[in-house]
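Reviewing the structure listed below.
Below, the structure is given as structure tokens:
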């Protein structure tokens with residue numbers, strides 16, 4: 174039986190998946206950490222869905238790379254999955270013909286655009302470029318796009334961010350994929366991410382306004398395609 178660990182950052186992104194597949198909550202072995210854990214057996218696959226959870230101090234979803242690494246580490250140690258999956262939302266690029274609600278599977282790698290360490294060896298470490306599970310046939314079958322996913326810890330971006338994203342052929346910009354891929358790579362677990370576009374990075378509208386306006390719509394599309402993806406894995 175396949176064992177899939179699905180890591181997500183925001184409850185709003187995950188709600189439709191939890192409801193559709195009838196995930197059941199399970200108790201965490203780490204009560205001091207805000208991770209929310211759910212489990213289901215679906216089409217002969219054991220799937221655990223883990224949310225980063227609410228930040229105890231600020232009472233919002235714990236988005237970003239740090240919380241995602243903690244969440245992923247807990248899931249790997251608890252369940253020993255044989256496939257690591259991340260699902261969430263991201264910013265796309267009008268220059269690459271992205272539209273709100275488009276869905277991307279990560280291919281052939283994910284990387285960091287804001288870990289700039291201009292020292293010998295550390296520059297490459299900062300960028301990462303972690304390979305992704307081969308998914309070209311799946312993307313074609315479920316009708317989604319392929320692209321390199323770039324990760325940073327800010328919703329907005331700087332000109333330098335955009336330069337780095339472009340230099341590594343980034344197609345979408347998120348806040349957790351490369352961090353999850355980093356720890357999956359350490360454990361030798363194949364990794365794949367699926368992203369729904371909520372905002373256009375190189376568009377005219379403020380990122381935060383577009384994100385909030387489109388979160389529900391894009392999350393619904395994300396849920397539909399994530400379920401199709403799980404069926405194909």
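Residue numbers (the numbering used here): 174 to 406. Beta carbons: idealized from backbone N, C-alpha and C, even for Gly.
At the level of alpha carbons, what is the spacing between residue i and residue j?
| i | j | result |
| --- | --- | --- |
| residue 310 | residue 268 | 25 Å |
| residue 347 | residue 328 | 8 Å |
| residue 200 | residue 230 | 21 Å |
| residue 394 | residue 293 | 42 Å |
| residue 240 | residue 210 | 14 Å |
| residue 341 | residue 334 | 11 Å |
| residue 361 | residue 353 | 12 Å |
| residue 315 | residue 246 | 29 Å |
| residue 396 | residue 187 | 7 Å |
| residue 218 | residue 198 | 17 Å |
| residue 351 | residue 375 | 21 Å |
| residue 359 | residue 242 | 12 Å |
| residue 282 | residue 232 | 33 Å |
| residue 258 | residue 238 | 15 Å |
| residue 274 | residue 339 | 21 Å |
| residue 226 | residue 336 | 32 Å |
| residue 260 | residue 190 | 10 Å |
Can you tell me which of the three DSSP states residue i falls into?
| i | result |
| --- | --- |
| residue 299 | helix |
| residue 390 | helix |
| residue 360 | helix |
| residue 324 | strand |
| residue 315 | helix |
| residue 261 | strand |
Comparing alpha-carbon positions, which option in the options lies nearest residue i?
| i | options | result |
| --- | --- | --- |
| residue 369 | 248, 276 and 194 | 276 |
| residue 256 | 334, 175 and 264 | 175 |
| residue 289 | 279, 189, 308 and 331 | 331 |
| residue 323 | 233, 301 and 234 | 301 |
| residue 356 | 263, 262, 304 and 205 | 304 |
| residue 195 | 246, 253, 212 and 223 | 212 |
| residue 203 | 344, 191, 265 and 251 | 251 |
| residue 349 | 220, 236, 214 and 291 | 236 |
| residue 318 | 325, 383, 366 and 297 | 366 |
Entirely enclosed beta strand (DSSP E) segments - the segment 206-251, minimum 3 residues: 209-215 and 218-224
Segment contact, 8 Å Cβ cut-off, at least three pairs: the segment 178-186 with the segment 373-387: no
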